[in-house]
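Some notes on the structure that comes next.
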Amino acid sequence: MRIDEALLNEAKAYAARNGRSLTSVMEDALRQLLNRSTEAARRPRVKLIVSDQPVGFQPDVQARLDAGEKLEHIAWDLDDAERMTGDVAR
């Protein structure tokens, strides 16, 4: 077995800092890796929501972009509207 020398040196330093053997550190790391794989396999799959709306910005935002405004300025204005009304002005 070959282990990347830099990784091995980090593991040795970690073991020394924590008063552990290199073997125990490597065993724990392998256990954690295997447990994560098992947990990930047991997790239910997430169904993503898909929109049938056209891709792009709201028409008013797109008009401002087409007029040469920068998106960050438009977003700042939208943030102001949200602060004033509690909703996005459309």
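According to the numbering used here, the sequence shown is numbered sequentially starting from 1. Every residue, glycine too, gets a C-beta built ideally from N, C-alpha and C. Source: prediction; values computed, not measured.
For residue i, which three-state DSSP category applies?
{"i": "residue 33", "result": "helix"}
{"i": "residue 18", "result": "coil"}
{"i": "residue 47", "result": "coil"}
{"i": "residue 62", "result": "helix"}
{"i": "residue 55", "result": "coil"}
{"i": "residue 70", "result": "coil"}
{"i": "residue 26", "result": "helix"}
{"i": "residue 42", "result": "helix"}
Assuming the contact rule is C-beta atoms closer than 8 Å, residue i and residue j should be a hit. Round their C-beta distance to whole Å, please.
{"i": "residue 29", "j": "residue 22", "result": "Actually they do not touch by this definition, with Cβ atoms about 11 Å apart."}
{"i": "residue 11", "j": "residue 26", "result": "6 Å"}
{"i": "residue 49", "j": "residue 64", "result": "In fact, because the Cβ distance is near 27 Å, the residues do not count as touching under 8 Å."}
Going by Cα to Cα distance, which pick from the options is closest to residue i?
{"i": "residue 58", "options": "34, 46 and 71", "result": "71"}
{"i": "residue 78", "options": "51, 17 and 61", "result": "61"}
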